[in-house]
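Residue numbers (the working numbering), protein chains in the order written: chain R, 11 to 178; chain E, 35 to 177. Here the structure is laid out as structure tokens; the discussion comes afterwards.
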Amino acid sequence: MAPSSFRLFKLNKKGEANDANIPAVMLYYMMASFIIVILIFGFASILTGWQNQVSEFPDELKGEIIALRFSQSVDCFAYSDPVSGKVYPGVIDLEKFKDSRMDTCYFTGVDGQDFFQFELSLPEYKKTVETDNNYRNLIDHTIEKQILVYDEGKFVPTKLFIYVQTRI
Amino acid sequence: MTFRGSLFLSKKAQLGIVFLMGALALLAIVSLIFSIAQKTGDSEEVVKAVFAEEVRLALNSLISVPGDGLIQLPQNEDYNITEFTVSLHNGYVEVCSSCEIDYFTARKGFHLPEDYEARGTVKEQEIICLVKDAKVLRLEDCD
């Protein structure tokens, strides 16, 4: 004979749950309903996560596009002829290559931990500039560019390294 | 389960009703799950998020252009933005359909160089134009 505690869950001979088993049946349905609701919510959250993943762009692409301005824009480090005003994209003016110039080019401020941060390096000139104090040297990837540097009237080919920090 | 006072059904029919109710409940749950999955697959939230990112990328590209420039969006003709309102602000771009409800708005932030300005709102257009005019970035109809 089954232990008394199991009698509540035992079916009768015809396999039917009778009045004595109603608490057990109700408990079963309550547990089943609870688990099904949890599964549905879990499924919905998986789909939401998938949705966010599908709509995300690669960090390398985003970093590359933002970093274009450093060597292309006269408001950043690009050289411009002082007489004609012509801008030379891809040519970095060494006189502009300073942290103070970076602050006018790309400044993220108080919410900077959610945005990309950069360190630019010209190894041949032993010069680096960083974005604001949200740059913590947590490098996710590096962009290497072949550029010209305008230095004392000369255009010198060199490499620019852009270290990208995507988040703190 | 025995239903006392059930005058019309035998015990076998009662068992059948339990099975029928269980099958109907299962059908309802499966329908709900399919409905959620289908809604997510057709979801305009993904389109809004992708398009907001596209506008942000285009804006960052225009900043690097010396002088003036223009970019038409969307670049991909496969998705439809005619139901959206796109607005550009200093520091972020918003794409929304039910714009009164913030939850359904896709928002992407960006940082402009000093003295730059970004502005403009376009509603329910098939193609929009992002224009750079000196240090001003404007979102406008392409007409």
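Ideal Cβ positions, reconstructed from N, Cα and C, are used throughout, including at glycine. Just so we're clear, the structure is a prediction, and the values are computed from it rather than from any experiment.
Here's a check: name, in chain order, each residue in its chain whose Cβ is nearer than 7 Å to the Cβ of residue i, leaving out the five neighbours to either side.
i	result
residue 143 of chain R	none
residue 154 of chain R	169, 171
When the Cα atoms are used, what is the spatial distance from residue i to residue j?
i	j	result
residue 73 of chain R	residue 52 of chain E	60 Å
residue 75 of chain R	residue 100 of chain E	15 Å
residue 71 of chain E	residue 58 of chain R	10 Å
residue 91 of chain R	residue 83 of chain R	13 Å
residue 152 of chain E	residue 91 of chain E	14 Å
residue 86 of chain R	residue 53 of chain R	47 Å
residue 152 of chain R	residue 173 of chain R	5 Å
residue 217 of chain E	residue 132 of chain R	Nothing in the structure corresponds to residue 217 of chain E, since chain E is present only between 35 and 177.
residue 85 of chain E	residue 96 of chain R	34 Å
residue 144 of chain E	residue 71 of chain R	15 Å
residue 95 of chain E	residue 42 of chain R	54 Å
residue 15 of chain R	residue 66 of chain E	Low per-residue confidence applies at residue 15 of chain R: pLDDT is 47, beneath 50, and the placement is therefore not dependable enough to give any value.
residue 116 of chain E	residue 160 of chain E	5 Å
residue 60 of chain R	residue 112 of chain E	21 Å
residue 57 of chain E	residue 133 of chain E	41 Å
residue 39 of chain R	residue 74 of chain E	29 Å
residue 129 of chain R	residue 167 of chain R	20 Å
residue 125 of chain R	residue 69 of chain R	11 Å
residue 61 of chain E	residue 44 of chain R	17 Å
residue 138 of chain E	residue 177 of chain E	28 Å
residue 219 of chain E	residue 158 of chain E	Since the first residue shown for chain E is 35 and the last is 177, residue 219 of chain E is missing from the structure and cannot be characterised.
residue 137 of chain R	residue 98 of chain R	21 Å
residue 163 of chain R	residue 117 of chain R	29 Å
Leaving out five residues on either side along the sequence, give the residues of the same chain with a beta carbon under 6 Å from the beta carbon of residue i.
i	result
residue 82 of chain E	129, 140
residue 36 of chain R	none
residue 113 of chain R	none
residue 50 of chain R	none
residue 127 of chain R	141, 144, 145, 175
Just to check my reading of the structure: residue i and residue j have Cβ atoms closer than 8 Å, yes? What is that Cβ distance to the nearest angstrom?
i	j	result
residue 87 of chain E	residue 67 of chain R	5 Å
residue 148 of chain R	residue 123 of chain R	Not really, about 11 Å apart at Cβ, beyond 8 Å.
residue 146 of chain R	residue 115 of chain R	With 8 Å as the limit, residue 146 of chain R and residue 115 of chain R do not qualify as a contact, their Cβ atoms being about 19 Å apart.
residue 63 of chain E	residue 46 of chain R	6 Å
Let me know if residue i comes out buried or exposed under the rule of 16 or more other beta-carbons within 10 Å of its beta-carbon.
i	result
residue 173 of chain E	buried
residue 109 of chain E	exposed
residue 56 of chain R	exposed
residue 162 of chain E	buried
residue 125 of chain E	exposed
residue 127 of chain E	buried
residue 77 of chain R	buried
residue 119 of chain R	exposed
residue 50 of chain E	exposed
residue 141 of chain R	buried
residue 68 of chain E	exposed
residue 106 of chain E	exposed
residue 154 of chain E	buried
residue 89 of chain E	buried
Looking only at its chain, what residues have a beta carbon closer than 8 Å to the beta carbon of residue i, apart from the 5 residues adjacent to it on each side?
i	result
residue 63 of chain R	none
residue 161 of chain R	104, 135
residue 108 of chain R	139
residue 97 of chain E	146, 147, 150, 166, 171
residue 101 of chain R	81, 88, 89, 157, 158, 159, 160, 165
residue 156 of chain E	119, 120, 121, 162, 173, 174, 175
residue 41 of chain E	Here the model assigns residue 41 of chain E a pLDDT of 47, short of 50, so the residue's position is not dependable, and the following value carries that caveat. Excluding positions up to five away in sequence, the list is empty.
residue 93 of chain E	122, 127, 144, 152, 164, 171
residue 39 of chain E	Residue confidence is low: residue 39 of chain E scores 47 on pLDDT, short of 50, so the model does not pin down where it sits. No coordinate-derived value is stated.
residue 168 of chain E	102
residue 180 of chain R	There is no way to answer for residue 180 of chain R, as the model of chain R reaches only from 11 to 178.
residue 131 of chain E	78, 82, 117, 118, 119, 138
Q) Counting only runs that start and end within the stretch 45-126 of chain R, where is the beta strand (DSSP E) found for 3 or more residues in a row? A) 88-90, 97-103
Q) What runs of the beta strand (DSSP E), each 3 residues or longer, lie entirely inside the stretch 128-172 of chain E? A) 140-143, 151-157, 162-167
Q: Counting only runs of 4+ residues fully inside the stretch 55-124 of chain E, write out the alpha helix (DSSP H) ranges in chain order.
A: 78-97
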